[in-house]
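Before any comments, here is the structure.
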Amino acid sequence: MATMRFIEPELKWQIDNIACQTAVSLETEPLSSEPGFLLWQKDIPKEYWSLRGPELIDRVQAAKAALGKRAIILGHHYQREDIIQFADLKGDSFKLAKWAGEQRDAEYIVFCGVHFMAEAADVLSQPHQKVILPNMAAGCTMADMADPDDVRDCWAQLEALGLAEGTMPVTYMNSTASLKALCGEHGGIVCTSSNAAAVLQWSFAQRPRVLFFPDQHLGRNTGHKLGVPLDEMLVWDPELPLGGHTPAALAAAKIILWRGWCSVHMRFSVEQIAAARAKYPEVQVIVHPECKLEVVQAADSNGSTEFIHAAITNAPAGSVWAVGTEINLVSRIARENPDKTVFCLDPVVCPCSTMYRIHPAYLCWVLEELVAGRVRNQLTVEGETARWAKVALDRMLTVH
Ligand code: SF4
126 MATMRFIEPE LKWQIDNIAC QTAVSLETEP LSSEPGFLLW QKDIPKEYWS
176 LRGPELIDRV QAAKAALGKR AIILGHHYQR EDIIQFADLK GDSFKLAKWA
226 GEQRDAEYIV FCGVHFMAEA ADVLSQPHQK VILPNMAAGC TMADMADPDD
276 VRDCWAQLEA LGLAEGTMPV TYMNSTASLK ALCGEHGGIV CTSSNAAAVL
326 QWSFAQRPRV LFFPDQHLGR NTGHKLGVPL DEMLVWDPEL PLGGHTPAAL
376 AAAKIILWRG WCSVHMRFSV EQIAAARAKY PEVQVIVHPE CKLEVVQAAD
426 SNGSTEFIHA AITNAPAGSV WAVGTEINLV SRIARENPDK TVFCLDPVVC
476 PCSTMYRIHP AYLCWVLEEL VAGRVRNQLT VEGETARWAK VALDRMLTVH
């Protein structure tokens, strides 16, 4: 997967926000009309480029029916409606990873999510199963912020200082398989936003310090929730020697946070929360812990996408919810709960631009190819990387 480095912030911002527009619908356009197609996988045959929504839906349904139980489609909560309608299972990355490890019958696991999720599914699935990512360009900009060489270099610097032994490497699910392997090999673990607090407690029970990557916000919010003082959480800047700190400061730190973030969740602000409260005094504000600390603190509650979904679904009729997470999920929750008022904190329609790359034309293509006996876009994690990544993922699945 291509990496995107900090030296290109302008380009990264443009790519992240290529699909952000106010007052546009999230309905599917033909592939060739999508502004982001320039950056997506191009070797999909031209016949798929101009297919419109209804035709794609018919063809995906037909291919799915032809494959039957041989293929299972997993869909992340942030997928667009034209994809999620075909998902046999939908959920957050924790739930989908768990399911991928449990689906022993399907020959093909078609993962409608992003690259790191499909990698984790491959690591956890059985040797006879093939994991397929419909568009190989569906990555995650946050995962790209933890370049494996940079993280290994950070670990080597901690080793040189004699600090690695007392440091538990913890990677958020949103990272490459090679970083999950680094954690597995050094006693560490993977976490998701569903179990981050339990994972930090598990880590502190064994070592006094945690190296948390790539999302500084999830790490900080979770550390804060567990009572770790803010001045004991440092941000490691991979561009600077020792991450920009002195050996003494690193030795005193409880959590070393990688300098990464999610461009979708960075859009939410305390001002948006104040505006929601001014408009609806009874509103409950619920946000994802990838948001900044001040946003999480100003909200009424925070948690994973599964948590957000369940909280609103189980709330009384007539309640009002302002939600700080990806727009496809917020719109779906609003549709599923017509007896409540549910809206996104951010007035600008901005889906996760990398999740959005799973256009129905790609799903149609990979399924029709499977029907024809050809496997496209198989994602594999090999050898020692797979072995150690599985160690870290298995630890994740046991810590709740
Ligand atoms: S919402 Fe953020 S963290 Fe999740 S896949 Fe998109 S860019 Fe990555």
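At position 91 of the sequence shown the residue is numbered 216 (the numbering used here), and the sequence of numbers has no breaks.
The beta carbon of each residue, even a glycine, is placed where N, CA and C say it ideally should be.
Residue i (DSSP reduced to helix, strand or coil)
i: Asp-471; result: coil
i: Thr-466; result: strand
i: Asn-453; result: helix
i: Ser-388; result: coil
i: Met-261; result: coil
i: Cys-477; result: coil
i: Gln-409; result: strand
i: Phe-219; result: helix
i: Lys-137; result: Residue confidence is low: Lys-137 scores 46 on pLDDT, short of 50, so the model does not pin down where it sits. No coordinate-derived value is stated.
i: Val-324; result: helix
i: Val-353; result: coil
i: Val-524; result: coil
i: Ala-148; result: Note on Ala-148: pLDDT 45, under 50, position unreliable in the model; no value is reported.
i: Thr-266; result: helix
i: Leu-518; result: helix
i: Val-506; result: coil
i: Val-256; result: strand
Range covered by the alpha helix (DSSP H) that runs through residue i
i: Ala-447; result: Run containing Ala-447: none in the alpha helix (DSSP H); it sits in the beta strand (DSSP E), 445-449.
i: Trp-165; result: Note, Trp-165: premise wrong, no alpha helix (DSSP H); not H, not E.
i: Ile-433; result: 430-438
i: Cys-489; result: 485-496
i: Gly-216; result: Per DSSP, Gly-216 belongs to no alpha helix (DSSP H); it is in the beta strand (DSSP E), 214-216.
i: His-342; result: 341-350
i: Arg-402; result: 395-404
i: Val-185; result: 178-192
i: Cys-237; result: No alpha helix (DSSP H) holds Cys-237; the beta strand (DSSP E) holding it covers 233-237.
i: Val-421; result: 418-423
i: Val-276; result: 273-285
Where the beta strand (DSSP E) containing residue i begins and where it ends
i: Leu-169; result: Here the sequence assigns Ile to residue 169, which means Leu is not the residue at that position. No beta strand (DSSP E) holds Ile-169; DSSP gives it neither H nor E.
i: Pro-294; result: 292-297
i: His-201; result: 196-201
i: Leu-336; result: 334-338
i: Leu-382; result: 380-383
i: Val-248; result: Run containing Val-248: none in the beta strand (DSSP E); it sits in the alpha helix (DSSP H), 240-249.
i: Leu-359; result: 358-361
Residue i: CB within 7 angstroms of a non-hydrogen atom of the ligand SF4
i: Val-412; result: no
i: Asn-462; result: no
i: His-390; result: yes
i: Thr-479; result: yes
i: Thr-266; result: yes
i: Cys-316; result: no
i: Glu-244; result: no
i: Glu-431; result: no
i: Cys-387; result: yes
i: Glu-507; result: no
i: Glu-357; result: no
i: Asn-299; result: yes
i: Val-420; result: no
Counted within 10 angstroms of its Cβ, other Cβ atoms place residue i as buried (16 or more) or exposed
i: Pro-463; result: exposed
i: Gln-331; result: exposed
i: His-434; result: buried
i: Ala-285; result: exposed
i: Val-149; result: In this prediction, Val-149 has a pLDDT of 48, which is less than 50 and means its spatial position is unreliable; nothing more can be read from the coordinates.
i: Ala-212; result: buried
i: Leu-454; result: buried
i: Leu-355; result: exposed
i: Thr-147; result: With a pLDDT of 45 at Thr-147, under the threshold of 50, the modelled position of that residue is not reliable, and the figure given next carries that caveat. Flag for Thr-147 reads exposed.
i: Gly-368; result: buried
i: Val-506; result: buried
i: His-525; result: exposed
i: Ser-158; result: exposed
i: His-253; result: exposed
i: Ala-514; result: buried
i: Glu-509; result: exposed
Expected contact under 8 angstroms - CB spacing of residue i and residue j to nearest Å
i: Ala-245; j: Leu-504; result: Contact doesn't hold; Cβ gap of about 10 angstroms is too wide.
i: Ile-197; j: Ala-231; result: 4 angstroms
i: Leu-181; j: Phe-236; result: No, Leu-181 and Phe-236 are not in contact; Cβ-Cβ is about 18 angstroms, not under 8 angstroms.
i: Pro-259; j: Tyr-405; result: Going by Cβ atoms, the distance from Pro-259 to Tyr-405 rounds to 38 angstroms, so no, they are not a contact pair.
Residue i at chain D interface by Cβ criterion, 8 angstroms
i: Val-496; result: The question asks about chain D, but that chain is absent: this structure has only one protein chain.
Residue i beta carbon near the ligand SAH (any heavy atom closer than 7 angstroms)
i: Cys-475; result: This structure lacks the ligand SAH; the ligands present are the ligand SF4.
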